[in-house]
Structure formats: structure tokens, C-alpha cells
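Residue numbers (the UniProt record's numbering): 1 to 404. Note that CB positions come from ideal geometry on N, CA and C, so glycine has one too. To keep things clear, I will list the structure first and then write my remarks on it.
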């Protein structure tokens, strides 16, 4: 049976949320991000895009391009709540769905035509329900694979939908820019352009060996996507999916300074694993087991994040609120849950460009020299906290007895 994959994407999501809260922003150029000159644009309205503004652009430059734009710092907490509303609607009505980011979803509706008049009509009805209950504009693409459906959504925007029927995938993709293919970033795009490749049709007509010779395995993947071939499954999304680590002490302790240092090291390690796996967390849990084996946990919902300082601050605050018995501690642990796909963008409106670049530079060093090549001074004396990254399978140095 040929697959039927629905891709849903909320249009200019951050801006749409702000407009629901303040209708005066409608039809105006809106920039969301760091409000200082050193800030970065996290999102912008379609009106702002006509001035050449795009996400990740320095806010200072964006203001120069569009002096009349309304600049908003943004609130990741508000956006998380709206995202949860849409997630609940899709979860209630879909047989199998994947939340790939805060504003993007895949739904596998293969075989749905046996139970409804049309999978396309069912998709339209789902979109209308989301529009009615949340008032958030949303677009979708419906086709036989994740790639074609995602590209279709991009072509349908804003606030519209499209269906690419079986057998029509290649003709649909052919006239589009090669940059439309997911996984073709700026470097790959410029490399392909230097070879005279601008349209997807050119790749469709090329021998796969030729593009593989230039781009290696990535070239093969791009060639397949250009043909409309993508067997990547929709991965069932579970809100409780998590990563965690814990440590049992050889000798029970009440050394608060040591405990805080270990918690910081744990949070730092888990945050790096999130970023390395292109994930964000919305729930942080602290676990404490005392010498009498009484075990307590406390969790807190947070706006989606993958940044060390946010996670560390939450973990330490939970510790201050939990550790009130003043008795010996046998074990401590940290868990990050409610994970979704995503990267730095969700935090761009709260953190300056300088901080974002600092994290990127630190992660590049960790990727090259190992997870513990860079760490906070407060955690320097703590033994390595790590393990196999749950998202990419790359080994780190976490001893097995320290992992949950």
C-alpha cells in the first residue's frame, strides 16, 4: 500500500500568536527576537519579509531594512501553550503523528480511505478544526512521503493546502529550486549552484553516481528526495519521551556545594545532548534519594529550551525547594522530558546573538574534541557525566552505572 503522509505547519507561528493577543499587529511588519542591536530575529511576518528580512538576521540590520517594523521580545511560554493546544487537537484525531518541532507535524494516514470518504477531505477537516479552535493559520501538504508533503506545504503557504497525488511527485518537484529540498543548506546549495544546478529537475535527470561523487552519501539522499523517494517513517510522538542521568554516591553526603556542582554538570551534559540531537525540552525533573531510601521527585514545566543556563537555573531552584530534610543524600538525578524537535530559534528572542554564538562555538569544540572539552568551572572537579547520545548514537564517557 502506497503511503499517505500529511505535513502540517503553522504559518509564521510566533507572529500569529502575538497577533491573537494584540490585533493591532495585523497586517503590519512584525519582528520577534532580541530587542537590542545585538539581538537576532527569531521570526518575522510576511509583511516584514518583503523588505528582505529573514530569521537569524541581526536585529540591527532588520530595523535598518524596515524602520517601521514592530519589534517584540516574544514569550516562549505563550508559544509553548499554543503549540500544546494544536498538539492536543492532532493527537485526539490522528492515528499516528509526529511532532517534529514546536509548529510542525507529520501524520501518517495510510489506509485512511478505507474509513473516510477521502484522506484529502479528512486533512482539510482537521485543518479547519485547528483554525476554528485556535484561530492560528496553518497550511498542509498531502502526498506519499515526508519530503514531498513538506515541500508541498511550503508551496501552499500562507494559510492554504495542497495535494500531490501518487505519480505526480516528480513533475511537482521538477520546476522548484534545489533549495526547496529538505537537508539542502546554504553550503550545499552554493556548491550545487557552482555546478550549474538550480532546479530539482536537473538533479532528477542526473546519474546518481555523479552527485554522489561530489556530495558523498548526502548526494545520494538528495538525489532520492529529488525523485520523490523518501521512506522515512512517521515516528510516533510520545510526550513522556525523555533523557536522564543520575548518580549514586559511594558515601552518602550532605555536601551542598558538591551536590550543586554535580547537578550543574548533569544539566550541562543533558543540554548538550539535546542540542546535538536537535531537541528541546519543556519539562525538567529533579530526583533525590536519601540514605533511608526515601525517594522524592519534583518537576517543572518550562518554555521549550535546550540551553544550559536555563536548565541549570531550573535544576538548582528545584534542589533548593526539595532539599529541606538536611539528611544524607544517597542519589541525585536529572531528567528532561516533553521533548520535541527544534533548535536555537525558539530561544532567539530571549538570548542575544552573542550568547547563541557562544553555545554554537562550545558545541563545535565538543563535537571535535569530546563532550568534556568545554565545561563550567564549577563542574571541573566533577567526574565525567555522559553516555551514548540517545539521538545520534555517538558514544560519550558516561559510566554505565550513572545512567538511568
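Tell me the rounded alpha-carbon separation between residue 402 and residue 232. Any answer about residue 402 is weak, because its pLDDT of 30 lies below 50 and its placement is not dependable; what the coordinates show is given next. Near 33 angstroms, if we compare the C-alpha coordinates of residue 232 and residue 402.
Test item: CB-CB of residue 14 and residue 79 under 8 angstroms: yes
If residue 99 sits next to residue 340, beta carbons under 8 angstroms apart, how far is it from one beta carbon to the other, in whole angstroms? 5 angstroms
Keeping to the same chain, check which residues put their C-beta closer than 8 angstroms to that of residue 186; ignore five residues upstream and five downstream. none
Along the chain, where does the alpha helix (DSSP H) that runs through residue 251 open and close? Taken as a continuous stretch (DSSP letters only), residue 251 belongs to no alpha helix (DSSP H), being part of the beta strand (DSSP E) at 242 to 253.
Taking residue 24 as part of the beta strand (DSSP E), name the residues at either end of that continuous run. Where residue 24 is concerned, there is no enclosing beta strand (DSSP E), given that its DSSP letter is neither H nor E.
Residue 37 vs residue 60 beta-carbon contact at 8 angstroms: yes
Helix, strand or coil for residue 2, going by three-state DSSP, please let me know. coil
If you draw a straight line from the alpha carbon of residue 322 to that of residue 316, how long is it in whole angstroms? 10 angstroms
Reduced DSSP category for residue 82 - H, G, I as helix; E, B as strand; rest coil: helix
Residue 72 beta carbon less than 8 angstroms from that of residue 18: yes
Could you check what DSSP says for residue 143 in three-state terms: helix, strand or coil? strand
What's the C-alpha gap between residue 8 and residue 92? 15 angstroms
Just reading off the alpha helix (DSSP H) that residue 317 is part of, what are its end residues? 308 to 322
How is residue 256 classed by DSSP in three states: helix, strand or coil? helix
Run through the DSSP bridge pairs and tell me what residue 286 is partnered with. 298 and 334
Please classify residue 234: does DSSP put it in a helix, a strand, or coil? coil
Residue range of the unbroken alpha helix (DSSP H) whose run includes residue 129: 119 to 134
Whole-number beta carbon distance between residue 52 and residue 65, since they are thought to touch under 8 angstroms: 6 angstroms
In angstroms, rounded to a whole number, what distance separates the CA positions of residue 333 and residue 266? 8 angstroms
Let me check understanding here. Comparing Cα to Cα, which of 226, 76 and 145 lies closest to residue 32? 76
Check residue 108 in the structure and name its three-state DSSP category. strand
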